[in-house]
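Notes for the one structure printed next.
Number of protein chains: 2
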Amino acid sequence: MVITSVDIAKASDILKLLGDKTRLSMVKTLDSEDVCVCEFVALYEMSQPAVSQHLRKLKDFGLVNEKKRGQWKIFSLNKESEYYPFVQSLLAHLPSQEDRLAELAQKGLRISCE
Amino acid sequence: MVITSVDIAKASDILKLLGDKTRLSMVKTLDSEDVCVCEFVALYEMSQPAVSQHLRKLKDFGLVNEKKRGQWKIFSLNKESEYYPFVQSLLAHLPSQEDRLAELAQKGLRISCE
DNA sequence: TCTTTATATAATTAATTGCTTATATAATAA
DNA sequence: TTATTATATAAGCAATTAATTATATAAAGA
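These protein sequences, in sequence, are chains U and F.
At position 33 of the first sequence (counting the first as 1) the number is 18 in the numbering used here, and the numbers step up by one without a gap.
At position 56 of the second sequence (counting the first as 1) the number is 41 in the numbering used here, and the numbers step up by one without a gap.
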């Protein structure tokens, strides 16, 4: 396994970004599936603007990509980011969030737009 | 390699703690050598109370240990912490801080108290 | 003893953060 | 067209953060 080096200042910026449980959970969730804004709103007890603002921060760091699908905005993890290996090594220690997405699907709150 | 799991809330707290370049640098530095407070004061352009406060936060999380040696307080990384594997996987991506310690030694600013 | 050195703690403050509400835009549905 | 749904942005605010200065304590040295 090749370990890419990230300078301290940039690394601490990324850790600060991920040092918020909502954003960290978002990134871990995106590690298994693409998710749209309204699904995140259903997933967290938080207003839609709050969710949008968290996602914007993740995007500003280039950690996630977004694409428009009809009225929905779908977010995905940017595996091309130079910081992806760094982030990935963190995510490996976190519990999978797939059950939370499954729960959402069971409530009929997942969108389908492919 | 066994990967230990850390829950999202605790992980985000640790990432927030390390999401400060001074504290992140301290932890990376301690990954190679034990360091006392006055050495950190020499290492960072920051007052002694600021350094003490950062070290206290690291200690409150159990990430570092301290021991008294005469008038000095020596800090070390707590490799017994349940979060050490998580932290270690981050540190692996950061550049070594050993040259900064060497520079300090060259200026005669390293203490010797063993 | 008195002074110096190393450290910790408390009070203060400026900057940052993460939410809220209000509002605007764009796409879809009726 | 009008209403609804999904999203983004702006303004405001309370809480948190990271530094500072001032001060206290303890150990070492003269």
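We put the beta carbon where it would ideally sit given N, CA and C, even for glycine.
Counting only the same chain and skipping the five closest in sequence on each side, list residues whose C-beta sits under 7 angstroms from that of U/A27. L89 and L94
Length-filtered (4 minimum) alpha helix (DSSP H) runs lying within the stretch 17 to 47 of chain U: 22 to 28 and 33 to 45
F/L62 in three-state terms, based on DSSP: strand
Between which residues of its own chain and F/R85 is the CB-CB distance below 8 angstroms, once the five residues before and five after are set aside? T14 and L28
My assumption, with CB atoms under 8 angstroms, is that U/L48 sits in contact with U/Y68. Please give the rounded CB distance. 7 angstroms
Counting pairs of beta carbons, one from the stretch 10 to 24 of chain F and one from the stretch 18 to 37 of chain U, are three or more of them closer than 8 angstroms? no
Going along chain F, which residues have a C-beta under 7 angstroms from U/G4? S(-3), L0, K1 and G4
Counting contacts by CB-CB distance shorter than 8 angstroms, is F/H39 in contact with chain U? no
Taking the straight line between their C-alpha atoms, what separation do you get for U/F71 and F/S81? 16 angstroms
Would you verify that the beta carbon of F/S17 is, or is not, closer than 8 angstroms to some beta carbon of chain U? no
DSSP on U/R95, reduced to helix/strand/coil? coil
Identify the contact partners of U/K13 in chain F, using a Cβ-Cβ distance below 8 angstroms as the criterion. I(-7)
Closer than 7 angstroms at the beta carbon, the chain F residues around U/S10: I(-7)
Anything in chain F within Cβ reach of U/I(-12), meaning under 8 angstroms, just list it in chain order. A77 and H78
Kindly indicate the opening and closing residues of the beta strand (DSSP E) around U/E49. It should be pointed out that residue 49 of chain U corresponds to Val in this sequence rather than to Glu. Element bounds for U/V49: V49 to R54.
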